[in-house]
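Structure, as structure tokens:
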Amino acid sequence: MAIQQVVNTEPVSLEPSRPASHSDSWGGTRASSGARLIGARPARRRVWRNRASAFLIISAIVLTLIPVALILFQIALKGASTMGWTFLTQSLPFSVTKAGGGFVNGLIGTAIMVGLATIVSIPLGILGAVYLVEYGKKNWLATLIRFFSDVMTGVPSIFVGVFVYTALVVRFGYGAVIGAAALALIMMPIIIRSSEEMLKLVPLELKDASYALGAAKWQTITKVILPSAAPGITTGAMLAVARAAGETAPLIMTALGSIQLVTKLTGSPISSLTLLILNGARAPYEAAQARAWAGALELLVIVLVFTIVARVFASRSRLSR
Amino acid sequence: MNPDTSLGNAPVFAVKDLDVHYGSSLALKGVSMEIHPRRITAIIGPSGCGKSTLIRCFNRMNELIPGARVSGEILYHGENIYAPGVDPVMVRRRIGMVFQRPNPFPKSIYENVAFGAKINGYKGDMDELVERSLRRAALWDEVKNELKKSALDLSGGQQQRLCIARAIAVEPDVILMDEPASALDPIATVRIEDLMQELKKDYSIIIVTHNMQQAARVSDETAFLYTEVDEKTSARWGIMVEFGETSNIFTKPTDKRTEDYVSGRFG
Amino acid sequence: MRSVPSLSPSRTSSTGSWKRKGVGRRADSLFAILAGVCGTLVLIALAYMVFSTTRTALPVFRSEGISFVTGSNWDPNTDHYQILPLIFGTIVTSIIALIVAVPMSVGVALFLTEYAPKRLRTPVEYAVDLLAAVPSVVYGLWGLLVVLPFFLRPISNFVSKYLGFIPIFSGPSTGLSYFAAGIILSIMITPIITSLCREVFKSVPSADRHAAFALGATRWEMIKEAVLPRSRGGVVGATMLGLGRALGETIVVALLIGSSPVINASIFKPGSSIAGAIANGWGEATGLQTSALVGAGVVLFAITIAINMIARGIVWRFNRS
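Protein chains in written order, with our numbering: chain A, 1 to 321; chain B, 1001 to 1267; chain C, 2001 to 2321.
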């Protein structure tokens, strides 16, 4: 190991208590040559390198944490001035250049689409994970599903939107259900993989106990395994929901966006909180940008609440194990 | 599903020439024995000789391990549980099992005991069934006011008695116990052993134990398993060396290997 | 697999008491099939994704041939669609993001595994996780309205003033540029790279660290000799996964890269990216132009999938060693 070279560098500065009677290649650093420990330091160059690297690493942390603080702080600041009951409950004003109004159409749209996507992707995802852990295990089908679920988590979300456009919008037009379909495609691989990890943690002894009592496989899964893994699965699901609520790109070509408050599930374009923020960010008008900030604050609060609750859930369930 | 008391002394189980393979390796070879009603039968032997494998054959739990294969017969009240067309789920409903480490479900005490009955479609008075089972497992007095409490809050010994109550609740006539006290402290162990003597009145019990003294204290009949080795391939498998009344096994064993084991010459 | 005797329904005889009641028996097989189908849905979705988008993009692939990806002529008036500038912009912004994010992420990961006292670890981890939870549209809004005018534009102007003789730094900068998009992207991909690097560094056994210390190494020397050499594969894998994420990011790049249809040599000039062009151009596209956007999406999909699969291969091989 190169440690040897490192240790062999320049002589150590010692207290001048004993002249080195003979020079050895350790430069008097060995204990037997009578050098004292108190005040002994490694070579200056090494010390300097150590301090410099520590400094760089600390600055990496600081530089990384600064954006965190800045984002939270500025969104809170800029968003708070426009935020209010009006904002939360009203739609965009007739003329976008004017101040006032709100993003409620986006809020409703996000709620509908994320809700629909959740209803579909969570049961399907959990059952898929059940297949991977309880039935497929290591067979070729399970390995394939795992691999491609991982691949799918890396697919750009805009491509998912493009796909849903080619598959559904050409036939059915824009709508909330279409947008929800895109979101569900994004959520499902996440839920499958995180649920799989949680199901794997259920101890074998619990399953043994259930089978020994004469439970069938499906009974063991639904009455013992899934309830045991439920806290962890819920965490994964909440994180997936937070992710879906924050998606913009796939909704551009599936929900399209709308300035009106829409509650229809199909056949009419619908907006989302994210789409409205995007439009506001691009608009050259003060008022529109102010609304975008408030929208960002609203979205951030929603996403952070889900994320933090999910994590608290996760740590609490680990404790009770 | 009441314990069948009309059996008299006909064996509950008759094991005939049982072989167990895990994948391509042999684990148990040529085991033959009988389990008699309302008696405690102990299975003893050095570690790794296949005691757990054997006891898990009685309720077809070995099949949960991928690659496990059983040949031979085990007759339960005269019917071969390994006959084609026999559903292992139904086998397990008649035969209860308690494991080495207590494994209550992360549910309430009540839910644990009621679990087996619920999945079997029990239509009677559940409260009464739970109380009866907990009484028989000598746990009722300690938990009767806290049935909704989580089973995980109980001590190790209490959890094991809860597992026994849970197994009893489906009214089996045999209880299999795979080293039921090895994870418990000595006081809890004594309670389990006393409980076994009580349970013996209504159930036939098979117990695996690595503790010879426990086997001698508790059981009526004992089976001694030992490992055979093939010198050429160094494959190992378990065989039954001797089976009989516990007092004979421990004082007048007929096989030298049995004698060496019970006198502590190897463990 | 288990050797379970078949559940033959026709046997009556004395083994009748051992048959499961009809419903119970069928329930097990039904449940197994249901779970298997749910798992396979992922594969079906992915396959359909590739199929449907490629089919929609075929017209433009046919009319352009290979010049779709090698040419720079994007002209709706003559129905010519070539996306090389988009590919260029996607890659350049991602590389800029990596150059900034990787050292930062490695630094943060090292801090968390080697330097941080236990009590600091959790809050810092939480803070980095927070970065991951912020939706991309919020990053875009903040980047466009705050970071760009107050930080990025001054920096670009400064650098291009003094280093402008180097082609990639030449100005003047209009604000929206590869550089701007790249910097905000770097903040976004830092959490992913950090968490993966942390796993990698954590997997170095403490015995190795202690061996280095026992030989008298300073902390930095220990990291350099004991931790980093063993982590190379994992860090590379983490970098590539971050790259995959950066390539697919839409909103931030769409807002910050400008929309120049040509390839620009300087990072301070505007450009365009595949995802950004799709997002920005979707509203007005029709016919062959839509095909072209879908086709660009397919190219993006191919690039990100390739990068992700290589990354996972590297990480998998690293984990095995």
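The beta-carbon is built from N, C-alpha and C at its ideal position, and this holds for glycine as well.
Please read all numbers here as calculations on a predicted model, not as lab measurements.
In the displayed model, Gly2171 of chain C falls within coil according to three-state DSSP, outside both helix and strand. Chain B has a Cβ within less than 8 angstroms of the Cβ of Glu205 of chain A. Using a CB distance cut-off of 8 angstroms, Phe1013 of chain B does not count as an interface residue toward chain A.
Following the DSSP letters along the chain, one finds Asp1019 of chain B inside the beta strand (DSSP E) bounded by residues Phe1013 to Tyr1022. Within the segment 1106-1134 of chain B, contact with chain A at the beta-carbon level (separation under 7 angstroms) is assigned to Pro1106, Phe1115, Gly1116, Ile1119 and Asn1120. Boundaries for Ser1150 of chain B: no beta strand (DSSP E) harbours it, and the DSSP string shows neither H nor E there.
In the displayed model, Met152 of chain A falls within a helix according to three-state DSSP. Interface annotation for the segment 2119-2135 of chain C against chain A: Val2124, Tyr2126, Ala2127, Val2128, Asp2129, Leu2130, Leu2131, Ala2132, Ala2133, Val2134 and Pro2135, criterion Cβ-Cβ distance under 9 angstroms.
Identification of residues in the segment 2227-2239 of chain C having a C-beta nearer than 7 angstroms to some C-beta of chain A yields an empty set.
Flagged as an interface residue toward chain B: Tyr211 of chain A, by a C-beta distance shorter than 8 angstroms.
Comparing alpha carbon positions, the residue from A:Pro93, A:Leu144, A:Leu141 and A:Ala215 closest to Asp1087 of chain B is A:Ala215. For Trp2282 of chain C, there is no enclosing alpha helix (DSSP H), since its DSSP letter is neither H nor E.
Under the three-state reduction of DSSP, Ile1081 of chain B is assigned to coil, being neither helix nor strand.
Cβ neighbours of Ser2231 of chain C within its own chain (closer than 7 angstroms, five residues either side excluded): Val2200, Phe2201 and Val2204.
Contacts between Leu2058 of chain C and chain A, judged by CB atoms closer than 8 angstroms, are missing: the closest CB pair is about 11 angstroms apart. At a cut-off of 8 angstroms, the C-beta of Ala283 of chain A has no neighbouring C-beta in chain B. Secondary structure at Thr263 of chain A: coil, using DSSP grouped into helix, strand and coil. For Phe1099 of chain B, a Cβ of chain A is located within less than 8 angstroms of the residue's own Cβ. If you check each beta-carbon in the segment 220-243 of chain A against every beta-carbon of chain B, the ones closer than 8 angstroms belong to Lys223, Val224, Pro227 and Ser228. The alpha-carbon separation between Tyr211 of chain A and Ala2296 of chain C amounts to approximately 53 angstroms. Interface annotation, Pro189 of chain A: in contact with chain C, CB-CB separation under 8 angstroms.
Per DSSP, the continuous alpha helix (DSSP H) segment holding Lys1256 of chain B begins and ends at Lys1256 to Val1262.
Remark: C-beta atoms of Ile158 of chain A and Ile2263 of chain C do not approach each other more closely than 8 angstroms. Assigned with DSSP and collapsed to three states, Tyr1203 of chain B falls in coil, not helix or strand. Contacts between Asn50 of chain A and chain C, judged by CB atoms closer than 8 angstroms, involve Thr2218, Arg2219, Trp2220 and Glu2221 in chain order. Close to Ala314 of chain A, with beta-carbon spacing below 8 angstroms, lies no residue of chain B; the smallest spacing is near 16 angstroms. In the three-state reduction of the DSSP assignment, Asp1127 of chain B falls in the helix class, which pools H, G and I. DSSP places Tyr1076 of chain B inside the beta strand (DSSP E), whose first and last residues are Ala1068 to Tyr1076. When rounded, the separation of the alpha-carbon atoms in Ala296 of chain A and Arg2119 of chain C is 31 angstroms. Of all C-beta pairs linking the segment 229-242 of chain A to the segment 303-314 of chain A, three or more are shorter than 8 angstroms, placing the two stretches in contact.
In this structure, DSSP gives Val2262 of chain C a state outside helix and strand, which the three-state scheme calls coil. Judged by DSSP in its simplified three-state form, Ala1027 of chain B adopts strand. Tyr2162 of chain C sits in a helix when the DSSP states are folded into three classes. With a threshold of 16 other beta carbon atoms within 10 Å, Asp1127 of chain B falls short and is exposed. Counting along the chain, Tyr2126 of chain C sits inside no beta strand (DSSP E); it lies in the alpha helix (DSSP H) bounded by residues Lys2118 to Ala2133. Residue environment for Asp1173 of chain B: buried (at least 16 other C-beta atoms within 10 angstroms of its C-beta).
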